[in-house]
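> Please find one structure pasted underneath; my questions will follow.
What follows is the structure, given as C-alpha cells:
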C-alpha cells in the first residue's frame, strides 16, 4: 500500500515536471489554483496540491530573482517530491552562524517564498484596511498618505511599543491555531512549526529590523505577523465602528438647508494604522477616550496575544503640542496654514516682478515680429514695383494671390486685435473721432441730406462699438473685482480652517539623520563634510556607487515628508562632498581636481568610454517629491554595510546572488558599521535611535559576487536578504 502511494506521488511529480509545464504562473493563475482547493470555508492540502507544484516553485524563484535562469543548485522535481512525501528536511537547509542566528539556503528560501505566496492569496483580502506591510500596494508611503489625507482634527494619540522579545512556543502554537481556522492541512502547519524550531523563521517584536531588508528577517515574517495580529485588528475595527455609530455626522440635507451654516460640528472619530509591529492610534475626542483606547489595546495585546508591551513608552501624547515617531518619521497635528502657508510679501513682489518681466518680453517679441513683418512687406512691395517697371506684368505658371492675401489678412487681424486691446489708443481715437463735431448740431443736421446724416450716425455707432473704452474698462474692473473677491474668500476660508481644522504634518527626523551622518563619518564634529578613510581601498566607481546607494535610499524614503528640503541638502551637500573628499584622499589630490576630473555630478566611465551617473544629480534631486506610493527600504542596511574587495586571488566559484550562474566572481569582505566603530547598537547615547543593524556574525565574512550583483549591492537595488549568505566563507 505504501509502495503504491509512493509510486503515485512520483508519477504526479514527474507529470508536473514535464518541460511544457516548466513555466511560471501569473497571479490570477496562482489565485485560481489556490481557490480550487477551497471548500466548506477552509483551504485543504495546500502543500501537496499547490506548494509542491513545479510551476509554483518556479514562480517563487522568479519572485526572488526576476531574471532567474533554471535553478542548478537544487532540483525542482526533487524538492517537489520531498514536499509531497513530507520528508523535506528544514534543518539540513540551514546554516547556524550562532545559536540564535540561522541562515537558510536558496532551496529553503524558494519553499518559504512559495508558502508566502499561498498565504498571501489566502489572507490578503481578509485583512482590515489599516493593516500595512507585507502586502502588495500597502507599504510605508501608502500608510503615510492615508494619515495625511484621512486623519482630521486629531487631539490625542499614542504608539504601541513592545519590549524586545521573540516568538516563543506559546506564540507559535497560537499562530498555528489561527492558521488552522482557514487552512485544513496538517503538513502545512507542521512545516511552519519546523521553520520556527530550526530558527529559519524568527519573529522578534520591538526590534529594529522588521521590514528593512536585513538578512535576519525571513520573507515569511511580514504576513505571519499580519495573521497573528488579525484578531487584534478586527477588534480595533469594531471599536472604530462603534465610535462612528455613537457620534454620527450631521445630515447633509440639514447642512445644505442653511439652518446650521454657522455651526462647525466635529464628530469624535478613532483612527488606527498598523505597519507590522508598529501601531498608531489617534482620536479626535477627549483624553479620557484616549486612555480607554490605550487600556483596551494593552489588555488585548497582553492577555489576548501574550505579547510584552512597553507601557512606559506606550504613552498618550497631545497631537498638537507634541511630535510622535511612527515609521521612522515624525508626525504632528498642525493648522492648514502651516502646511500650505500664504505667500509672503517678498514672494508676492517677486511674482509681480516676474509677471512684469514676462509682459515686457512678450511685448518685445510682438514688436520684433511687427518690425520683421514691415521689413518683409516693404521687400515684397519693392520687388513687385521693380518687376512691374521692368515688364508689362507678372507671368506665373501658378497663382499666389490667395497665399499673399491670406498672409496679409492674418497680419491685419493681429494688428487690429492688438490695437483694440490697447485701451489708451482706443480712447484717443474715440475722442478725436467723436468730440467737437459740428454734425452733432441739430440745426445743421436739418439742412443736410438724410443719406449723409444716416451715414454719419452709422459711422458714430461703429466708432462707439469698437473704440469706446468703457466696455473694456468695465471688463478690466470686473476682472480685478473678481480677483479681489476670490482672494478675500480664500483668506476667509483659510482663517476658518485654521480655527476649525487640524491637518497632519509628516517630517523627517532631522536630528536623527544628522546624528547618523555624523556616526557614519560623512561629517566632522562641526557638521562639515569629511572623507571616510575606510573606503579608500575601494575602486573609484565603487566609492561613488556606495555613496549613491545611501543617497537614493534616503531620498526615496523621506520623499513624502514636509521637510524633504532638509534631506535634499544633506544629500546634495554632505554626502556629495564627502564622496568628493574621499576620492581626493585616495588619489592624494585636492577637492578642486576631483571635481574637475569627475565633475560635480560624480560621473564615471565604463569600459567603452561612456560616462555613467550613479549619484543623484542636483537637478534630479530638485525634481524629486511625493509622487509615488511605494514601500522603500530604510537606509539602515546600506549605512551599516560596506564590502571591500580582497587583495588575494581566490579560486573562482559561483556568484551567491539568487540564481546567478556566473563564475567570474571576486571575493568581497563584509565590514559592519558597529564593529568598525566599536559601538554597541544598545548604547542609546552613541548609536542612532531606531537604526537597525545587520547581525554581527556576518562581520568579516567573504562573499563571492559577480560584477553586476556587487554593483546592485552598492547601489542598494539588492540587500543581503537577496543573497544566499549560507555560502559565505571565512578567508584570512
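Residue numbers (my numbering): 20 to 751.
Don't be surprised by glycine CBs; every beta carbon is placed ideally from N, CA and C.
How is residue 307 classed by DSSP in three states: helix, strand or coil?
In the structure shown, residue 307 sits in a helix (DSSP, three-state: H, G or I).
> What would DSSP say about residue 514, mapped onto helix, strand or coil?
Three-state DSSP puts residue 514 in a helix.
> Terminal residues of the continuous beta strand (DSSP E) containing residue 177?
175–179 is the extent of the beta strand (DSSP E) around residue 177.
> Using a Cβ-Cβ cutoff of less than 6 Å, which residues in the same chain neighbour residue 565 once the five nearest sequence positions on both sides are dropped?
Excluding sequence neighbours, residue 565 sits near 733.
> So who's on the other strand from residue 203, going by DSSP bridges?
In DSSP, residue 203 forms a bridge with 63.
> Name the residue from 605, 650 and 559 whose alpha carbon lies nearest to the alpha carbon of residue 634.
Nearest of 605, 650 and 559 to residue 634, Cα basis: 559.
> Beta-carbon separation of residue 64 and residue 204 under 8 Å?
Contact flag set, yes.
> From what residue to what residue does the beta strand (DSSP E) around residue 523 run?
Run containing residue 523: 522–526, per the beta strand (DSSP E) assignment.
> In chain order, what residues of the same chain lie with their CB nearer than 6 Å to the CB of residue 308, ignoring the 5 residues before and after it?
Closer than 6 Å at the Cβ level, and outside the excluded window around residue 308, lie 302.
> Which stretch, first to last residue, makes up the beta strand (DSSP E) that contains residue 301?
Counting along the chain, the beta strand (DSSP E) containing residue 301 begins and ends at 297–302.
> Run through DSSP, which three-state label would residue 337 get?
If DSSP states are grouped into helix, strand and coil, residue 337 belongs with the strands.
> Taking the continuous alpha helix (DSSP H) assigned at residue 601, which residues delimit it?
Segment 595–606, the alpha helix (DSSP H) holding residue 601.
> Measuring CB to CB, does residue 513 end up less than 8 Å from residue 356?
Going by C-beta atoms, residue 513 is nearer than 8 Å to residue 356.
> Can you tell me whether DSSP reads residue 676 as helix, strand or coil?
In this structure, residue 676 counts as strand in the three-state DSSP scheme.
> Could you please give the first and the last residue of the uninterrupted alpha helix (DSSP H) stretch that includes residue 294?
Not the alpha helix (DSSP H): residue 294 falls in the beta strand (DSSP E), residues 289–294.
> Whose C-beta lies closer than 6 Å to the C-beta of residue 737 among residues of the same chain, with five residues either side of it excluded?
Hits under 6 Å: 731.
> Buried or exposed for residue 519, going by 16 or more other Cβ atoms inside 10 Å?
Residue 519 comes out exposed.
> Going along the chain, which residues of its own chain have a beta-carbon closer than 6 Å to the beta-carbon of residue 710, five neighbours each way excluded?
Answer for residue 710: 655, listed in chain order.
> Taking the beta carbon of residue 11 as the centre, do at least 16 other beta carbons fall within 10 Å, making it buried, or is it exposed?
An answer regarding residue 11 cannot be provided, because it is not within the stretch 20 to 751 covered by the chain.
> Are there three or more Cβ pairs, one per stretch, closer than 8 Å when the stretch 336–344 is compared with the stretch 312–322?
With the cut-off at 8 Å, the stretch 336–344 and the stretch 312–322 do not touch.
> Counting pairs of beta carbons, one from the stretch 68–76 and one from the stretch 96–114, are three or more of them closer than 8 Å?
Yes, they touch.
> Please state whether DSSP places residue 256 in a helix, a strand or coil.
Residue state, collapsed to three classes: helix.
> Would a C-beta distance cut-off of 8 Å place residue 248 and residue 293 closer than the cut-off?
Yes, Cβ-Cβ distance for residue 248 and residue 293 is below 8 Å.
> With DSSP as the reference, label residue 544 as helix, strand or coil.
Residue 544: coil per DSSP, three-state reduction.
> May I ask you to report which of helix, strand or coil DSSP gives residue 190?
Note: residue 190 maps to helix in three-state DSSP.
> Answer yes if the stretch 681–694 comes into contact with the stretch 660–667, meaning at least three C-beta pairs across the two stretches below 8 Å, and no otherwise.
Contact holds: three or more Cβ-Cβ distances are below 8 Å.
> For residue 144, which option in 245, 111 and 59 has the closest C-alpha, if you only look at C-alpha atoms?
That would be 245, whose Cα lies nearest to the Cα of residue 144.
> Can you tell me the Cα-Cα spacing of residue 279 and residue 331, whole angstroms?
Because residue 279 carries a pLDDT of 49, less than 50, the predicted location of this residue cannot be relied on, and the following value inherits that uncertainty. For residue 279 and residue 331, the distance between alpha carbons rounds to 44 Å.
> Is the Cβ-Cβ distance between residue 149 and residue 333 less than 8 Å?
Not closer than 8 Å, so no.
> Count the other CB atoms, across all protein chains shown, that sit within 10 Å of the CB of residue 40; report buried if there are 16 or more and exposed otherwise.
Residue confidence is low: residue 40 scores 42 on pLDDT, short of 50, so the model does not pin down where it sits. Its coordinate-derived value is still stated next. With fewer than 16 Cβ atoms within 10 Å of its Cβ, residue 40 is classed as exposed.
> Below 8 Å between beta carbons: does that hold for residue 219 and residue 109?
Taking 8 Å as the Cβ cut-off, residue 219 and residue 109 qualify as a contacting pair.
> Tell me the rounded alpha-carbon separation between residue 625 and residue 43.
Taking the straight line joining both Cα atoms gives about 35 Å.
> Under 8 Å between the Cβ atoms of residue 650 and residue 158?
Taking 8 Å as the Cβ cut-off, residue 650 and residue 158 qualify as a contacting pair.
> Would you please state the rounded distance, in angstroms, between the beta carbons of residue 695 and residue 553? I believe it to be under 8 Å.
Right, the Cβ-Cβ distance comes to about 7 Å (below 8 Å), so this counts as a contact.
> Counting beta carbon pairs with one atom in the stretch 711–722 and one in the stretch 115–129, are three or more of them shorter than 8 Å?
Yes: at least three Cβ pairs fall under 8 Å.
> How should residue 401 be labelled, buried or exposed, when 16 other C-beta atoms within 10 angstroms of its C-beta is the threshold for buried?
Residue 401 comes out exposed.
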